[in-house]
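Take a look at the structure below.
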Amino acid sequence: MNDARSSTQHLDSAPDDAQGVEPEQGAEPEQGADRGSRLYPRVTSFRSRRGALTDAQQQTWDSLWPRIGRDVADDRIDVDAWFGRTAPTVLEIGSGTGTATTSMAKAEPHVNLMAVEVYRPGLAQTLQQIEREGIDNIRLLRGDAMDVLENMLTSESLTGVRVFFPDPWPKVRHHKRRLLQGPTFAMIADRLAPGGVLHVATDHAEYAEWIAEAGNAEPGLTVLDWKSPMTHERPVTKFEGKAQLVGSSVTELVWGKSPR
1020 MNDARSSTQH
1030 LDSAPDDAQG
1040 VEPEQGAEPE
1050 QGADRGSRLY
1060 PRVTSFRSRR
1070 GALTDAQQQT
1080 WDSLWPRIGR
1090 DVADDRIDVD
1100 AWFGRTAPTV
1110 LEIGSGTGTA
1120 TTSMAKAEPH
1130 VNLMAVEVYR
1140 PGLAQTLQQI
1150 EREGIDNIRL
1160 LRGDAMDVLE
1170 NMLTSESLTG
1180 VRVFFPDPWP
1190 KVRHHKRRLL
1200 QGPTFAMIAD
1210 RLAPGGVLHV
1220 ATDHAEYAEW
1230 IAEAGNAEPG
1240 LTVLDWKSPM
1250 THERPVTKFE
1260 GKAQLVGSSV
1270 TELVWGKSPR
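Residue 1020 is where the sequence shown starts when you use my numbering, and the numbers rise one by one after that.
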């Protein structure tokens, strides 16, 4: 029987030092936000926003993006070729401005970390951190994470998946936009290699219950009771620090795919 272990510790596309920000109060999704995945018809879990790059960010983008970034497409990723090595591969969904991404990549030099984000200035800030700190085990993808999972990765190709602070879409009529639903868990379970790990964190209590119920119902995931090459420690971002100041507790949820 599936279960998730939780303790107290938002895929979004807005700029912040965190993995995301709270949705704008009363804001409706942009026109055209509905789009269907090929396998799982759905609407997007993010709100697309535009943002201009500074001159410095554009310079870094022009220098690094062709080598370590790419737009989401239908083509499969040759992960070994992209990183120039064979190593455990972790996918982070909703990397924001890259604070946690870069910190965890430095702590795990043996891991290939692919981070997906839709907000270009956030990706540009991540590129600046990568350049400034000489990090070479991060690759960036711009676009919809479900398209990455469905079209760019193969079964049992990931050591881990991280989803930190996905947008909770708190209004009931928007719950269909939540990223972490049954079909998403099924897709992640398929993409995880045996022994792989899914690590989720949220500061939204009701969404935490929703996530736990959906994750526990996925037969391909179970309680994690083995050692993984992927760390489960996270740095506390500015966003999370603000949430803690106003009394928001953070729930960690961890599942694994049973080793064979």
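We put the beta carbon where it would ideally sit given N, CA and C, even for glycine.
Cβ neighbour criterion (16 or more within 10 Å) applied to L1264: Looking at its Cβ environment, which holds fewer than 16 other Cβ atoms inside 10 Å, L1264 is exposed.
CB of L1177 within 8 Å of CB of T1108, strictly: Taking the C-beta atoms as reference points, T1108 is found nearer than 8 Å to L1177.
Same chain only: Cβ atoms within 6 Å of Y1226, ignoring 5 sequence neighbours per side: Correct list, in chain order: P1187.
L1211 - partner residues in DSSP beta bridges: According to DSSP, L1211 bridges with L1177.
Supposed close pair R1161, E1136 - CB separation, criterion 8 Å: Sure, about 7 Å apart at Cβ, within 8 Å.
Within 8 Å, strictly: CB atoms of I1230 and L1217: Contact annotation: I1230 and L1217 have beta-carbon atoms that are not nearer than 8 Å.
Beta bridge counterpart(s) of G1088 as assigned by DSSP: Answer is L1159.
Whole-angstrom distance between P1213 and G1113, CA atom to CA atom: G1113 and P1213: Cα-Cα distance of roughly 24 Å.
With 16 other Cβ atoms within 10 Å as the buried cut-off, status of I1253: First, the residue type needs correcting, since residue 1253 is Arg and not Ile in the sequence shown. That one is buried.
Proximity winner among G1239, G1088, G1201 and T1221, relative to E1259 (alpha-carbon distances): Closest by alpha carbon: T1221.
Status (buried if at least 16 other CB within 10 Å, exposed otherwise) for P1185: Residue environment: P1185 is assigned as buried (16 or more neighbouring CB atoms within 10 Å of its CB, all protein chains considered).
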